[in-house]
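Written out below as structure tokens is the structure these notes cover.
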Amino acid sequence: MLPRIDYPELILEVNARTGFLDAMPHISGSQARRDDLDLSLAALLVARSCNIGLTPVAKPGTAALGESRLVGVEKGYFHGEGIGKASAILVDKQAGIEITADWGAAWSPPPTGCGSSSPSVPCTRGRLRCTSESGNGRAARPG
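Position one of the sequence shown corresponds to residue 636 (the working numbering), numbered consecutively onward.
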């Protein structure tokens, strides 16, 4: 059984091991970063990935978790380029873990939202239908 850990603590632990949050550049291109930026970014990841908004993660009196600070950090750091760079670091780090070779190739879908279970399958438009005859339980595009 896995140990119980809070989601924000998990994000901060993964960041400590990988530095993925450091790869998120400010949209202006500025290199200046606050010492507690990782805390703000972790709070934003929790808020957005859980779809709970900023209020539950904001903590008045803590500079990194103030609501106005979180709004500013979100506008400055949560953009396609930054999220893509952070994701790439996580994929690269995962590929370096021996057991992950048993899990399959490290691949993530393109930011267009169009993707498949294999990077070699082209992106096509159309409704997905569930196919059990393929034996894999995955959705397939109508042919």
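Every residue, glycine too, gets a C-beta built ideally from N, C-alpha and C.
Taking Cβ to Cβ, would you say residue i is nearer than 8 Å to residue j?
i, j, result
"residue 786", "residue 705", "Here the chain covers residues 636 to 778 and nothing more, so residue 786 does not appear."
"residue 712", "residue 689", "no"
"residue 699", "residue 655", "no"
"residue 710", "residue 653", "no"
"residue 672", "residue 708", "yes"
Residue range of the alpha helix (DSSP H) that residue i falls in?
i, result
"residue 702", "702-712"
"residue 666", "Note, residue 666: premise wrong, no alpha helix (DSSP H); not H, not E."
"residue 653", "642-653"
"residue 716", "715-730"
"residue 678", "672-684"
In whole angstroms, what is the alpha-carbon distance linking residue i and residue j?
i, j, result
"residue 682", "residue 733", "31 Å"
"residue 669", "residue 701", "14 Å"
"residue 657", "residue 651", "10 Å"
"residue 664", "residue 636", "43 Å"
"residue 687", "residue 730", "31 Å"
"residue 649", "residue 640", "12 Å"
"residue 644", "residue 718", "19 Å"
"residue 661", "residue 735", "31 Å"
"residue 642", "residue 674", "12 Å"
"residue 696", "residue 714", "27 Å"
"residue 779", "residue 693", "Given that the chain is displayed from residue 636 to residue 778, the structure contains no residue 779 and the question cannot be resolved."
Under a CB-based cut-off of 8 Å, is residue i close to chain C?
i, result
"residue 641", "Reference to chain C is not applicable here, since this structure consists of a single protein chain."
Quick one: is the Cβ of residue i within less than 7 Å of any heavy atom of the ligand HEM?
i, result
"residue 718", "Among the components modelled here there is no ligand, and therefore nothing to report on the ligand HEM."
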